[in-house]
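Residue numbers (UniProt numbering): 1 to 380. Just so it is clear, CB atoms sit at the ideal spot from N, CA and C, and this is done for glycine as well. Single-structure report; data block below.
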Amino acid sequence: MLALASMVAKLSSNEGCSHLKDKYYMYKSESEAAGNNLRSNSENMRRRIRECINLLGKVSEGRYGADAIRQQLSSLSAPLGALTDIIAQNKEEYDHLSARSTQLRRTASVLDELPSFLTAEPQHRTRGVPGPAVKVWSEEAEKEMKHEAAQRWRKGEERRKAEHAEAIEAEAAAKKMEEARRVRDEQAKQKELRKTVERYRRQREQEKAEAEAQAAKEEEERARKEKAALERRRKELHRKLELSRPPDDGEEEEPQPRPKTAADREAEVRAVLERHRRNMESVARKRRTIEDIARRKAAPQRIAEEMAVREDAKVRARVESDPSRIRRPTTAQAFRMASMHAGEGFLDGTPEPAAVNTGFDPISAGRLGGLATPAWRKGL
1 MLALASMVAK LSSNEGCSHL KDKYYMYKSE SEAAGNNLRS NSENMRRRIR
51 ECINLLGKVS EGRYGADAIR QQLSSLSAPL GALTDIIAQN KEEYDHLSAR
101 STQLRRTASV LDELPSFLTA EPQHRTRGVP GPAVKVWSEE AEKEMKHEAA
151 QRWRKGEERR KAEHAEAIEA EAAAKKMEEA RRVRDEQAKQ KELRKTVERY
201 RRQREQEKAE AEAQAAKEEE ERARKEKAAL ERRRKELHRK LELSRPPDDG
251 EEEEPQPRPK TAADREAEVR AVLERHRRNM ESVARKRRTI EDIARRKAAP
301 QRIAEEMAVR EDAKVRARVE SDPSRIRRPT TAQAFRMASM HAGEGFLDGT
351 PEPAAVNTGF DPISAGRLGG LATPAWRKGL
């Protein structure tokens, strides 16, 4: 009531009337300006929309190339941004216009009743009670204040709810980003582990290849040294053979057959050993064939032994019937014959020891799989 009384007292003065009229004209001018802005903004918005529609129609018809489309779209970014700003501004202007229109109507109704209220006699003013328009205006002002307070409270609640929802979304997004980061870190660790394993595997393969290459190189070097040693021995034997020949006295003699040298005997021994090796390989092949047949057919061991005995008998008969068969030396005798000169002992001057024939041939025994020497070989 005190506020209402002060408002009535203020309206009763000329200063209050002029202030109310100024406020009325200010509201009216602001409303007209807001209406003009709203109309111009609407026109601009319609023009921008027409430009967008025309451009999209030209793009759909294929009248522009890719570069022209990109240029036009880049040129449309500013109008579209301006269109968004215009829409937001229109919303604010419309709200402002609605509020000012309401206030304008209320102020006009107060101004309509104010002259009669001010010119009335004091006894007709009913002890300072304002007229119905002023009373309605004050009640509506109070309602408007309550309404604005309620709106502010609702907006605050909505803002708090929005902030709470944004906080929840931000927390969920942070959790999602943390999970994605953890997954990326795990994938990076797995990738690094695979790279490490692959690097170790390549390193092991490289070391293995280097070891094999080194072994092959050493084997080649050893073979080269053995070949060089054999060549030196051959040259030494050839030199000794040349020195052992009698000097030519110039007299013509009957041509006599050239005596066998150590090289000839070595060649004979090698030929005999080669023929023996081929025979033993043939026997071994036949024996393996027989064993394979016996394994495939699951035949008893007795059949395989009988077949082996028959094969040995065939080989023995073929070898004994060979008229060109010569006495085969043992391995030790063959190596001694290859490394010494006739009647001179070994190369280092050591006399040749007495030959001991044990009847065991390690070459044939090794090629026959460790079997004992057959009886028909013991006399050689």
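- Coarse secondary structure for Arg47, derived from DSSP in three states: helix
- Just the Cα atoms here: how many angstroms apart are Lys227 and Glu198? 43 Å
- Query: Should Leu230 be labelled buried (16 or more other beta-carbon atoms within 10 Å of its own) or exposed?
  - Reply: exposed
- Determine the closest residue to Arg288 out of Glu311, His276 and Glu274, with distance taken between C-alpha atoms. Glu311
- Work out the CA separation of Met307 and Ala317 for me, nearest whole Å. 15 Å
- Item | Residue nearest to residue 451 in terms of C-alpha spacing, selected from Met177, Ser98, Arg47 and Met45 | The structure shown does not extend to residue 451, since the chain spans only 1 to 380, so no value can be given for it.
- Item | Cβ shell of Glu171 (< 7 Å), same chain only, five flanking positions each side left out | none
- Message: Is it buried or exposed, Ile53, if we count other Cβ atoms within 10 angstroms and call 16 or more buried?
- Response: exposed
- Query: Roughly how many angstroms lie between the CA atoms of Lys208 and Glu219, to the nearest whole one?
  - Reply: 16 Å
- Task: Check the C-beta distance from Val283 over to Val315 and give it rounded, since I have them as a contact under 8 Å.
- Result: 6 Å
- Query: For Leu237, is the classification buried or exposed, using 16 other Cβ atoms within 10 angstroms of its Cβ as the cut-off for buried?
  - Reply: buried
- Query: For Ala215, does the count of other Cβ atoms within 10 angstroms reach 16, so buried, or fall short, so exposed?
  - Reply: exposed
- Which residues in the same chain have their Cβ closer than 8 Å to the Cβ of Leu241, if we skip the five residues on either side of it in sequence? Thr261, Ala262, Ala263 and His341
- Mark Ile168 as exposed unless 16 or more other C-beta atoms lie within 10 angstroms of its C-beta, in which case mark it buried. exposed
- Which of helix, strand or coil DSSP assigns to Trp321: Correcting the residue identity first, residue 321 is Ser in this sequence and not Trp. Looking at Ser321 - three-state DSSP - the assignment turns out to be coil, as it is neither helix nor strand.
- Helix, strand or coil at Thr102 [DSSP, three-state]: helix
- Task: Go ahead and label Ile293 buried or exposed: buried means 16 or more other beta carbons lie within 10 angstroms of its beta carbon, across all protein chains shown.
- Result: exposed
- Query: In three-state DSSP terms, what is Arg181?
  - Reply: helix
- Task: Determine the DSSP secondary structure at Arg258, reduced to helix, strand or coil.
- Result: coil
- Neighbourhood of Asn279 by C-beta distance below 8 Å, restricted to the same chain and skipping five residues each side: Val315 and Val319
- Which value, in whole angstroms, describes the spacing of the CA atoms of Glu205 and Ala213? 12 Å
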